[in-house]
Amino acid sequence: MSEINQNIIGDNNLQVGTNNGQIIQTKQIKQVTEVLHDPNQHITDAQALEIRNKITELVDMLASTGKNKGSLFKQEYNTFYKEFKISSYKLLPKDKYEEALIWLRKRNAYKGKKVLRQGNKEEWRKEQYTAIYFKAGNLGMSKEELYLFATEKLALKKPLTSLKELSDTRLEKLYKYIIVKE
1 MSEINQNIIG
11 DNNLQVGTNN
21 GQIIQTKQIK
31 QVTEVLHDPN
41 QHITDAQALE
51 IRNKITELVD
61 MLASTGKNKG
71 SLFKQEYNTF
81 YKEFKISSYK
91 LLPKDKYEEA
101 LIWLRKRNAY
111 KGKKVLRQGN
121 KEEWRKEQYT
131 AIYFKAGNLG
141 MSKEELYLFA
151 TEKLALKKPL
161 TSLKELSDTR
171 LEKLYKYIIV
181 KE
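Position one of the sequence shown corresponds to residue 1 (full-length UniProt numbering), numbered consecutively onward.
Rendered as structure tokens:
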């Protein structure tokens, strides 16, 4: 039997010297789900973009600890899909849009607070200030009333004049007090 020499250049080429068996191709097959979007039932493109931005914001915050962004995106999208029983965020029903935004905000607060406090204290403090002032506003409290509330609840010796005066621990305690206040 004579020796066969063959050279091949390019992608997806098949080279056979003698065919004495099955030909095996080892390329990966990637399944892509095409989304059939019904504008009457599903969210708009602008709403889908807002959801995508919220998930991206969460992943960016979680990635600040050094974790792989790609795996975090996969994890967060899969969690979102499981929560709302959908295969793509664009297939979210219109009536569940507000619920999805609330769920993403809660997830961001829950997952992000620990990460921010460990990695970026200044950003964590800003998030705390924003949440405290927002909740106080919803309760109809002025800044002075909020500072008085904080002074009483935290048993401070001097009256509080700014939230920036609080240590991280006391800021966290105030956050917990104000969030549960009705």
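For each residue, glycine too, the CB sits at the ideal point set by N, CA and C.
Strand pairing of residue i, partner residues [DSSP]
i   : result
H42 : P93
Straight-line gap, residue i to residue j (C-alpha atoms, nearest Å)
i    : j    : result
T26  : N13  : 12 Å
I51  : I8   : 47 Å
L174 : R107 : 21 Å
T161 : E144 : 8 Å
T79  : S71  : 12 Å
K67  : I29  : 28 Å
Y77  : I55  : 7 Å
Other residues of its chain near residue i: CB distance less than 7 Å, five sequence neighbours each side excluded
i    : result
L139 : K181
Q47  : Y97
First through last residue of the alpha helix (DSSP H) which encompasses residue i
i           : result
S71         : 69–84
residue 186 : In the structure displayed, the chain extends from 1 to 182; residue 186 sits before or after that span and is not available.
A128        : Rather than Ala, the amino acid found at residue 128 in this sequence is Gln. It spans 121–138 - the alpha helix (DSSP H) in which Q128 sits, taken as one unbroken run.
residue 183 : There is no way to answer for residue 183, as the model of the chain reaches only from 1 to 182.
T151        : 143–153
L174        : 168–180
Contacting residues, own chain, Cβ-Cβ under 8 Å from residue i (five flanking each side not counted)
i   : result
H42 : K90, L91, L92, P93, K94
K96 : F84
8 Å contact criterion, which residue i and residue j should meet: CB distance rounded
i    : j    : result
I178 : K135 : 5 Å
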